[in-house]
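> Before anything else, here's the structure in question.
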Amino acid sequence: MATKVSGCLVQILLFLLGAVLGTGLTAVAGVVMFVPDRTTVISVDPTSTAPGVYVKKVERLVGGTYYEIWLGPTPDRGHVVTVPAGWDHDPKRETTSDGMRLKFGNGGEIFVPKASYS
């Protein structure tokens with residue numbers, strides 16, 4: 606009888622230890638996922654006709670580094686274009702009456718309609 610009680614206590618303690626560890630790991634993962642990104646403005650082109658073009662480098666604790674191009678009146682307001690991985694972050698800009706075309710060195714292009722940033 607003593608071995609059954611002892612075995613039962615060990616199982617209960619292991620279950621409680623697993624529950625505590627699982628809760629702790631979930632809390633740590635949740636905090637890491639919501640750590641704020643570090644964003645640095647690396648290029649500003651306010652001289653272009655509306656919109657202004659702002660290139661930002663975004664560094665994340667989880668997920669690495671990527672670049673964004675903001676089209677709008679200020680660096681913190683506007684339409685955001687995420688630059689695909691492996692593309693350069695300083696495209697040539699071609700403004701048309703319909704919008705803005707971003708032309709990258711690898712031949713890739715992203716067109717942003719005027720309605721998105723005006």
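Okay, so the sequence shown: first residue is 606 according to the numbering used here, each after it adds one.
Yeah, the Cβ is synthetic: ideal placement off N, Cα and C, and Gly gets one too.
#1: On the premise that Val-625 lies in contact with Val-667, defined as a C-beta separation below 8 Å, what is that separation, rounded to the nearest angstrom?
#2: Taking only the alpha-carbon atoms, compute the straight-line gap between Gly-627 and Pro-641 and give it to the nearest angstrom.
#3: Rounded to whole angstroms, what's the CA-CA distance from Leu-630 to Asp-681? Just pull it up for me.
#4: For Trp-692, which residues from the same chain have a beta carbon less than 7 Å from its beta carbon, with the 5 sequence-adjacent residues on both sides left out?
#5: Using the C-alpha atoms, what's the distance from Thr-687 back to Tyr-659?
#6: In chain order, what residues of the same chain lie with their CB nearer than 6 Å to the CB of His-694, ignoring the 5 residues before and after it?
#7: For Phe-639, name the three-state secondary structure that DSSP assigns.
#8: Using DSSP's beta-bridge definition, name the partner residues of Trp-692.
According to the data block:
#1: Contact flag wrong, Cβ pair sits at about 24 Å.
#2: 24 Å
#3: 34 Å
#4: Phe-709, Asn-711 and Gly-713
#5: 12 Å
#6: Val-660, Tyr-672 and Val-688
#7: coil
#8: DSSP output for Trp-692 lists no bridge partner at all.
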